[in-house]
Amino acid sequence: MCGRFTFEVCVGILSFLVLAKPSSTVFFEFLGSFRAFVSIPGNEMSGSVNFPNAANALAGSTTNSDKEPVLERREEAEPPKMSKSALKKLRRQQEWEAGREKRAGIRREKKKQKKEERKRKIDAGEKVPSQKKKIREGKITPSEMRVVLDCGFDELMNEKEIASLCQQFTRCHSANRTALHPVELYATDFGGRLEARQEYVLRGQQKNWKRYHPTTNSYLEEFVNEKEKMVYLSADSDETLHELKEDEIYIIGALVDKNRYKNICDEKAKSQGIRTAKLPIGEYIRMSDRKVLTVNHVFEILSLWLEHRDWEKAFLEVIPKRKGLASLDEEESREQSLEQESVSEKAEEAEDEAKTADGVEMPAEKRIKITE
1 MCGRFTFEVC
11 VGILSFLVLA
21 KPSSTVFFEF
31 LGSFRAFVSI
41 PGNEMSGSVN
51 FPNAANALAG
61 STTNSDKEPV
71 LERREEAEPP
81 KMSKSALKKL
91 RRQQEWEAGR
101 EKRAGIRREK
111 KKQKKEERKR
121 KIDAGEKVPS
131 QKKKIREGKI
141 TPSEMRVVLD
151 CGFDELMNEK
161 EIASLCQQFT
171 RCHSANRTAL
181 HPVELYATDF
191 GGRLEARQEY
201 VLRGQQKNWK
211 RYHPTTNSYL
221 EEFVNEKEKM
231 VYLSADSDET
241 LHELKEDEIY
251 IIGALVDKNR
261 YKNICDEKAK
271 SQGIRTAKLP
281 IGEYIRMSDR
291 KVLTVNHVFE
301 ILSLWLEHRD
311 WEKAFLEVIP
321 KRKGLASLDE
331 EESREQSLEQ
341 ESVSEKAEEA
351 EDEAKTADGV
361 EMPAEKRIKI
371 TE
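This is the structure:
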């Protein structure tokens with residue numbers, strides 16, 4: 001009887017453990033209650049079951065009944081495993097941060113050396129370039145035109161592309177600050193990793209930028225009832241932009257994607273009922289690859305068009321030479337010179353053919369026929 005009762009009790013305990021999955025505290029309270037039960041005088045199980053005191057000691061090791069077991073807490077506390085490349089990136093980042101003060105010291109030392117060198121040249125009577133900033137010709141007159149950087153593509157970029165986009169934003173501000181006709185620059189849907197990166201790199205300097213308006217709103221929310229004034233610039237658009245208007249809002253997709261997401265800006269704008277247009281690059285210059293430019297290049301072209309009112313001049317000043325850039329006039333003159341070279345080569349070949357194998361020239365009439 002006693003053995004059967006013990007067997008049933010063990011089965012009950014195992015069922016409790018499997019089905020209920022109690023915490024350590026609840027389990028040991030259950031064991032304590034069961035021990036008290038079997039210790040009642042007159043009970044058939046009295047004295048036949050003796051649980052070790054270690055159970056109570058372990059039960060007392062958890063000071064709070066809400067806490068999970070120590071083993072579980074240790075497992076949760078362990079940091080997630082990182083790949084080798086991630087560890088290398090983290091190590092490089094830590095080394096960069098550790099060397100920040102050292103780099104600042106090197107820059108200060110170089111600046112000091114340049115100052116001393118300049119003073120030495122002045123004392124020696126040598127000519128030194130002026131340190132005064134070059135004053136731009138013409139009076140700076142702010143433009144009423146608004147340019148929007150659409151930051152609604154954060155999830156489509158990796159960390160390297162986010163860092164590149166952050167640099168492009170800084171260049172946009174720099175171009176706007178020195179422009180002859182600075183515009184109002186907006187960054188809509190601004191936040192996420194791009195905002196964190198900008199704050200990390202610039203240390204809050206962007207908060208002092210003039211004519212720069214970052215906002216978490218979308219451009220539709222920021223410019224309510226002005227959809228008809230919006231023009232989303234996209235290289236994939238069927239419409240070509242021939243001139244800029246002061247009262248229009250020009251949107252640039254803030255996306256660094258290495259051409260992974262073709263038509264994404266064009267399709268987004270069309271789905272929202274917004275007009276799209278592309279810059280007239282093909283009408284003025286010839287590029288060796290697809291006519292997709294960086295965010296800051298597009299902004300700089302818009303800024304220079306306001307200054308020169310000349311697309312070709314703006315393109316040639318901004319677009320890098322490595323993109324195989326050449327104006328159509330230059331290309332035509334180059335083709336004409338190549339044509340002339342080809343004609344000259346053919347004439348020389350004809351003259352060579354006009355000579356006989358023994359060095360005697362053909363009659364003039366035959367030479368004329370050959371050259372023709």
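Per full-length UniProt numbering: the sequence shown ends with 372, consecutive numbering throughout.
Cβ atoms here follow ideal geometry from the backbone N, Cα and C, with glycine treated the same way.
Keep in mind that this is a model prediction, so the values were computed, not measured.
How close, in whole Å, do the beta carbons of residue i and residue j come, if the pair is a contact with beta carbons under 8 Å?
i: Ala277; j: Leu241; result: 4 Å
i: Val295; j: Ile252; result: 6 Å
i: Cys151; j: Ala196; result: Wrong, their Cβ atoms sit about 12 Å apart, outside the cutoff.
i: Leu149; j: Ala314; result: Not a contact, Cβ separation roughly 19 Å.
What residues are listed by DSSP as bridge partners for residue i?
i: residue 375; result: Beyond the ends of the chain as shown, which are 1 and 372, falls residue 375; an answer cannot be given.
i: Tyr278; result: Correcting the residue identity first, residue 278 is Lys in this sequence and not Tyr. Answer is Thr240, bridged to Lys278.
i: Leu233; result: Ile252 and Ala277
i: Arg171; result: Partner(s): none; Arg171 has no beta bridge.
i: Leu304; result: The partner list for Leu304 (beta bridge, DSSP) is empty, contrary to what the question assumes.
i: Asp310; result: None, per the DSSP bridge assignment.
i: Arg149; result: The displayed chain sequence assigns Leu, not Arg, to residue 149. DSSP output for Leu149 lists Ala187 and Ile252 as bridge partner(s).
i: Ile319; result: According to DSSP, Ile319 bridges with nothing at all.
i: Arg118; result: For Arg118, which the question treats as bridged, DSSP gives no partner whatsoever.
In the structure shown, what three-state DSSP assignment does residue i receive?
i: Val292; result: coil
i: Arg203; result: coil
i: Leu87; result: helix
i: Glu331; result: Caution is warranted here: a pLDDT of 48 is assigned to Glu331, below 50, making its placement in the model unreliable, and no coordinate value can be reported.
i: Arg260; result: coil
i: Ile140; result: coil
i: Leu156; result: helix
i: Asp266; result: helix
i: Leu220; result: helix
i: Ala179; result: coil
i: Asp247; result: coil
i: Asn208; result: helix
i: Glu228; result: helix
i: Val298; result: helix
i: Ala196; result: helix
i: Ala59; result: Per-residue confidence for Ala59 stands at a pLDDT of 46, beneath the threshold of 50, marking its modelled position as unreliable; the derived number appears in the next sentence. Note: Ala59 maps to helix in three-state DSSP.
i: Gly99; result: coil
i: Lys127; result: coil
i: Gln272; result: coil
i: Lys81; result: coil
Excluding the five sequence neighbours on either side, which residues of its own chain have a C-beta within less than 7 Å of the C-beta of residue i, listed in chain order?
i: Lys89; result: none
i: Lys262; result: Asp236
i: Val256; result: Met157, Glu161, Ser164 and Leu165
i: Thr141; result: His181
i: Asn176; result: Pro182, Val183, Leu185, Arg211 and Ser303
i: residue 374; result: Nothing can be reported for residue 374: it is not among the residues displayed for the chain, which extend from 1 to 372.
With a CB to CB cut of under 6 Å and the five nearest residues on each side skipped, what residues in its chain are close to residue i?
i: Arg100; result: none
i: Glu331; result: Any reading at Glu331 is ruled out, since the residue's pLDDT is 48, under 50, leaving its predicted position unreliable.
i: Arg260; result: none
i: His213; result: Tyr186
i: Gln168; result: Thr294, Val295 and Asn296
i: Asp189; result: Cys151, Gly152 and Ser218
i: Val147; result: Val183, Leu185 and Tyr250
What residues in its chain sit with their C-beta under 8 Å from that of residue i, if we drop five residues either side in the sequence?
i: Met82; result: Leu90
i: Leu306; result: Ser143, Met145, Ala179, Leu180, His181, Val183 and Leu244
i: Ile274; result: Lys227, Met230, Val231, Tyr232 and Ile251
i: Gly191; result: Cys151, Asp154 and Thr216
i: Glu239; result: Arg275, Thr276, Ala277 and Lys278
With a threshold of 7 Å between beta carbons, is residue i in contact with chain C?
i: Lys258; result: Among the chains in the structure shown there is no chain C, since it carries only a single protein chain.
Problem set entry | Inter-stretch contact at 8 Å, needing at least 3 Cβ pairs: the region 213-227 / the region 112-122 | no
Exercise. Given 8 Å as the limit, is there contact between the region 290-302 and the region 311-319, that is, 3 or more CB pairs closer than that?
Worked result: yes
Exercise. Is the number of C-beta pairs between the region 198-215 and the region 224-237 that are closer than 8 Å three or more?
Worked result: no
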